[in-house]
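Beneath this line is the structure, given in structure tokens, with notes to follow.
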Amino acid sequence: MKSSLFDRIARYDSVASTNDVAASLPEGAVVVADQQTAGRGRRGRSWFSPAGTGLYVSVVLAPSRSSEPRRATTLLTIAAGVAIAEAIEAETRLRVDLKWPNDLYVGRRKLGGILAEAATSGAPVERVVLGYGVNIGRASYPPDVADRATSIETELGVPADRERVLRASLSSLARRYDDLLAARFDGILDAWRARAPNASGARITWMSGAGPIEAVTAGIDADGALLARIGDRVERIVAGEIVWE
């Protein structure tokens with residue numbers, strides 16, 4: 028799997044979404060674009076993807092091949108967050124933290140995000156398209172994200188090499204994907220928790236189906252669900268909007 032991640036890279040100047048391009052490709056395929064015109068994030072949000080300033084990548088994976096396919100699939104985004112954070116830190120020496128369920132942060136500013144989408148129907152899901160975007164160069168961000176976004180170059184104060192970050196991220200993803208396939212879940216969860224200071228003790232508002240609920244984070248469980256303390260009970264959060272205070 029490690030070699031195929033590097034051997035099948037399809038590169039584009041511009042696409043609507045790298046996830047859409049990758050959806051019909053086999054396991055191990057990688058799609059990289061210089062620009063996305065309709066990039067998207069979690070819950071249908073748009074992902075700002077201007078030319079020349081970011082890393083926009085989708086990789087096709089098959090967590091169903093794991094000895095524990097259900098957990099491998101539910102922990103795919105968690106594993107990817109760990110892998111990409113580790114790669115960026117190894118390449119740039121920036122400390123990258125994770126925020127549930129799929130965001131990468133430097134300090135209080137967002138550096139990147141991850142979106143996993145099923146490429147096949149049925150259970151277990153045979154193929155998953157894992158897309159990720161990382162802000163590499165300085166950019167004029169839209170007003171709604173300008174005060175909470177950052178980039179590698181902004182943090183370092185010097186230019187960053189997108190190709191080196193790409194290669195490092197693919198290599199790190201391959202290692203963590205091997206962990207998923209081999210059901211080495213505890214190591215993934217421990218690594219995620221070590222990079223997620225807000226996962227415990229942070230005040231949040233959970234936009235549940237019943238309306239907004241104030242809670243305090245209490246970690247994640249073995250399947251990657253966010254645990255939230257609400258009064259005298261602990262709730263598993265697997266869906267819905269989270270507003271972090």
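Under our numbering, residues 28 to 272 are what the sequence shown spells out, in order. In this text, a Cβ means the ideal position worked out from N, Cα and C, and glycines have one as well. These numbers come from a predicted model, not from an experiment.
| Query | Result |
| --- | --- |
| N-terminal and C-terminal residue of the alpha helix (DSSP H) that I240 is part of | Note, I240: premise wrong, no alpha helix (DSSP H); beta strand (DSSP E) at G238 to I247. |
| Local conformation of L157 per DSSP, three classes | strand |
| Any non-hydrogen atom of the ligand MG within 8 Å of L216 CB | Although the ligand MG was asked about, the structure shown includes no ligands whatsoever. |
| Given L207 as reference, the closest of A37, G158, A89 and P169 once Cα atoms are compared | A89 |
| Cβ separation of G139 and I111, assumed to be a contact under 8 Å, to the nearest whole Å | 7 Å |
| Three-way DSSP call (helix, strand, coil) for N162 in this model | strand |
| DSSP-derived helix/strand/coil call for V192 | helix |
| Three-state class that DSSP yields for R92 in the structure shown | helix |
| Bridge partner(s) assigned by DSSP for T232 | E241 and V270 |
| Three-state secondary structure assigned by DSSP to V58 | strand |
| CA-to-CA distance, T147 to D47, given in whole angstroms | 13 Å |
| Limits of the unbroken beta strand (DSSP E) element including D124 | D124 to K126 |
| Residue closest to R220, alpha-carbon to alpha-carbon, out of A252, R194, S196 and R189 | A252 |
| Anticipated Cβ contact below 8 Å, R56 with Y39, distance rounded | It is worth fixing the name first, because residue 56 is Ala in this sequence and not Arg. So it is not a contact: roughly 13 Å between Cβ atoms. |
| Closest Cα partner of A114 within the set A249, D259, A209 and I179 | I179 |
| Expected contact under 8 Å - CB spacing of T119 and V84 to nearest Å | The Cβ separation is near 17 Å, so there is no contact. |
| Local conformation of G108 per DSSP, three classes | helix |
| Inter-residue spacing [alpha-carbon to alpha-carbon] between L254 and V243 | 9 Å |
| G149 burial status per 10 Å Cβ neighbour count (16 or more: buried) | exposed |
| Beta-carbon proximity list for V261, same chain, < 8 Å, skipping 5 on both sides | A245, L254 and A255 |
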